[in-house]
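Heads up, the thing below is written out as structure tokens.
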Amino acid sequence: MKYLDEYRDPALARQLLAELRRTATHPWRIMEVCGGQTHTLVRQGIDELLPAGIRMIHGPGCPVCVTPLETLDRAMAIAERPGVILTSFGDMLRVPGSTTDLLALRARGADVRVIYSPMDAVRTAEENPGREVVFLAVGFETTAPANAMTVLHADRLGLTNFSLLVSHVLVPPAMTALLDDPECEVEAFLAAGHVCAVMGWTEYEPIAARYQVPVVVTGFEPLDLLEGILMAVTQLEEGRHDVENQYARAVHRTGNSEAQDVLGLVFRSTDRAWRGIGTLPASGLELAPEYASFDASRRFDVSGPHSTEDPECIAGDILTGARLPTDCVAYGARCTPRTPLGAPMVSSEGTCAAFHAAGRTRSAPA
Amino acid sequence: MTLDCPLPYGEHELIQLGHGAGGRLTAELLDSLVLPALGGQPDGPLEDAALLPGADELVVSTDSFVVSPLSFPGGDIGSLAVHGTVNDLAMRGALPLALTLAVIAEEGLPLAELRAVLDSAGKAAYETGVPFVTGDTKVVGRGAADRLFLNTTGIGRRITGLTPSAAKARPGDAVLLSGPIGLHGTAVLSTREGLGFETDIASDTRPLHRLVQALAPLGGGIHSLRDPTRGGLAAALNEIARDSGVGVRIEERAVPVPAAVAAACDLLGLDPLVVANEGCLVAFVTADTADEALTALRAHPEGAEAVRIGHCAAAPAGRVELRTLIGARRVVDMPLGEQLPRIC
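Going down the list, the sequences are from chains A and B.
Mapping of the first sequence onto the UniProt record's numbering: position 335 corresponds to residue 335, and the numbering continues sequentially without gaps.
Mapping of the second sequence onto the UniProt record's numbering: position 122 corresponds to residue 122, and the numbering continues sequentially without gaps.
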């Protein structure tokens, strides 16, 4: 395909792979945190071209995958209320809750709408003054500033029919939780370039120092990933554990201060449950008290749903990199994009979906 | 091991938008419900048009158009209805003889919009050289339809010597593509959702029968033709791989994706391989006719950018593989259903 050739050049890719083979004298295990990076790795087959000892561990950075089941069930309970318009990004609609998903609810008559920009949710509220418009606001530091802007905008407009069901999560607490696990195999991280474009990389410096792990801020194109892996392996071979920036064309050390200001104004940090992983302290964002009137979980009493995961789903192990999708007995059989048991098979950024789309088959019969 | 899940999903016992998206859900609906009810053969080749029983030189196709918005950069529902049906006939090696047009209009539709759309359909039919011979008009109450639906049926006559079928691709065939992909789907999505790509992207909607006519001298060397509409190139290649029992191998680098389409897809998390097209075709031709076929396609404006994107292999049967930009291989799966833009 003739686009972004500069970052998809096969000759340069071969050069980077050759340099990686020269550099790597030991086996190393590197985690790409972001689901977008997982998809590039798998769709381009990069992980299969790496030297035999270099293993990529797929991390928890798919925002759709880690959204708690309880939040999804709550969103569906709200969507079923008369007079409600539930808005969210497209890939949230197919994620299975305990008993159904938002696409199925839409087919049964619920007013569930896909938005392409968070501000579309505010516009929907403006255009439907007699309806309650709820925005299911999920994602990492990448999407949180734009979602925060919806609150400021709705506040300026004096909208009283707009609210957010907030389930934002933060990357650094997830990284430290993984590293605190005694069974953690991760020896270096590729940090998500888009997250760092907002937050910079200063918050990774204490993690790199404390756990002695290299962190390389990395982009999303094939050559970005190959270069990021090479930079991580070079650090590991040299015994260094610095934070380095492969994605210099988009990321600066201190990030985007305007976006950070909006985040600080609208949200505050909170303990957050991660689907398949559990509750991590200070790993999420919730609305600040000044904006509590925009909190859908306060506006709608939907504490009733009893959420249960499918017992066969090993999403937690997938999201922490402990196991591969192809290790799962349900993968490709009972669990497919058509009939997902867990979120990693649903989201375009989910590890299981990436493996399935690339035709990876289960390593051993169930 | 099969990657298809045999289990029904209880929560999906209602029609969803994805059932109409031309991917795996559409195929499931056809195999499990539509074809059994109508006496068809599940798992048979899914052709774009049918040969009339007892008159094999005649080909018939019917199609409904429900696009929203009614007009988009590069076209509208009227021209699309003509081109879509003409192209379905052409993919069976037929030239159109006549068209029918059924109109279902929602109460409240401005007459000016209906006139504009029908003028466009008439102009497209004139330019294609095929008359509308009959039609029907229905009006339904407000809310019972989305402004305007069109249905067209086309009758065509097969070009002598051309007998393409989705089931006739063979190992060794060259896979040709007549032009860039992704333009129609991104143009419609951009206009419908106000995404602002429309200055760069226009639908590729156009008739393809002249391209097929240009291939006619190659006769039996033309094995399979398909215009990759809903489900995009990925669905078209998977259908031919399945129906012909061959493996299809394509080169990512050879597939032409306009820069604006690539940028839009990157932004939205969509795969250009599964985005809809309305003005290009894939042709599976014998290796020894590939160069001649490319020359014939390139001689027409609608095929000026024709390229070879891959070839057929004996195995793995039914599977489409893509050699990625950096030289690895991956499977191009049948899309599931509705394309869902990603969160970030």
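Don't be surprised by glycine CBs; every beta carbon is placed ideally from N, CA and C.
On a predicted model such as this, the values are computed, not experimentally measured, just so you know.
- When C-beta distances to chain B are compared with 9 Å, the residues of the segment 113–132 of chain A below that value are 114, 115, 116, 117 and 120, in chain order.
- Taking the CA atoms as reference points, residue 238 of chain A sits about 18 Å from residue 16 of chain A.
- Neighbours of residue 357 of chain A across chain B, judged by C-beta separation under 9 Å: 271, 330, 331, 332 and 333.
- Proximity of residue 239 of chain B to chain A, defined by a Cβ-Cβ separation below 9 Å, is not satisfied.
- Under the Cβ distance rule, residue 73 of chain A does not count among the residues neighbouring chain B, no pair being separated by less than 9 Å.
- Measuring C-alpha to C-alpha distances from residue 26 of chain A to each of A:73, A:235, A:283 and A:116 identifies A:235 as the nearest.
- With fewer than 16 other Cβ atoms inside 10 Å of its own Cβ, residue 137 of chain B counts as exposed.
- Of all residues in the segment 225–254 of chain A, those with a C-beta nearer than 9 Å to a C-beta of chain B are 226, reading in chain order.
- Secondary structure of residue 168 of chain B (DSSP, three-state): coil.
- Sequence-distant partners of residue 253 of chain A (beyond 5 residues in either direction) whose C-beta falls short of 8 Å from its own C-beta, in its chain, are 200, 201, 202 and 245.
- At a cut-off of 9 Å between beta carbons, residue 219 of chain A makes no contact with chain B.
- A Cβ-Cβ separation of about 15 Å leaves residue 322 of chain A out of contact with residue 38 of chain A under the 8 Å criterion.
- For the segment 253–280 of chain A, the beta-carbon criterion of a distance under 9 Å to any beta-carbon of chain B is satisfied by none of its residues.
- In the same chain as residue 310 of chain A, and ignoring 5 residues on each side of it, the C-beta atoms closer than 6 Å to its own belong to 341, in chain order.
- Taking every protein chain shown into account, the CB of residue 333 of chain B has 16 or more other CB atoms within 10 angstroms, so this residue is buried.
- Residues of the same chain with a CB within less than 7 Å of the CB of residue 23 of chain B, apart from the 5 flanking positions on each side, are 231, 235, 334, 335, 336 and 337 in chain order.
- Along the length of the UniProt domain "PurM-like C-terminal" (170–321) of chain B, whole alpha helix (DSSP H) runs at least 4 residues long occupy 183–193, 209–215, 232–244, 259–268 and 290–298, reported in chain order.
- For the pair of segments examined, the segment 200–209 of chain B was found to touch the segment 274–286 of chain B: the number of CB pairs separated by less than 8 Å reaches three.
- Among the CB atoms of chain B, none fall inside 9 Å of the CB of residue 37 of chain A.
- Residue 15 of chain B has its alpha-carbon roughly 12 Å from the corresponding atom of residue 28 of chain B.
- When C-alpha distances from residue 33 of chain A are compared across A:166, A:215, A:231 and A:132, the shortest belongs to A:215.
- Of all residues in the segment 313–339 of chain A, those with a C-beta nearer than 8 Å to a C-beta of chain B are 332, 333, 334, 335, 336, 337, 338 and 339, reading in chain order.
- Around the beta carbon of residue 339 of chain B, 16 or more other beta carbons lie within 10 angstroms, which makes this residue buried.
- CA-to-CA, the gap between residue 106 of chain B and residue 72 of chain B works out to about 19 Å.
- Look at residue 130 of chain A here: in three-state DSSP terms it is coil, with no helix or strand label.
- Taking all protein chains in view, the Cβ of residue 158 of chain A is surrounded by fewer than 16 other Cβ atoms within 10 Å, so the residue is classified as exposed.
- Contact note: residue 8 of chain A reaches chain B through 325, using a C-beta cutoff of 7 Å and chain order.
- Straight across, the Cα-Cα distance linking residue 62 of chain A with residue 237 of chain B is about 30 Å.
- Chain B has no Cβ within less than 9 Å of the Cβ of residue 30 of chain A.
- Around the beta carbon of residue 267 of chain B, fewer than 16 other beta carbons sit within 10 angstroms, so the residue counts as exposed.
- In its chain, beyond the 5 residues on either side, 19 and 20 have a beta carbon closer than 7 Å to the beta carbon of residue 26 of chain B.
- With its beta carbon less than 9 Å from one in chain A, residue 195 of chain B belongs to the interface.
- Using a Cβ-Cβ distance cut-off of 8 Å, the segment 118–136 of chain B and the segment 177–191 of chain B are not in contact, since fewer than three pairs of beta carbons, one from each stretch, lie closer than that value.
- Shortest Cα-Cα distance from residue 296 of chain A to any of A:349, A:8, A:161 and A:12 involves A:161.
- Residue 345 of chain A and residue 128 of chain B have their C-alpha atoms spaced approximately 45 Å apart.
- Counting only residues of its own chain and dropping the five nearest sequence neighbours on each side, residue 256 of chain B has a CB closer than 8 Å to the CB of 177, 179, 180, 181, 305 and 307.
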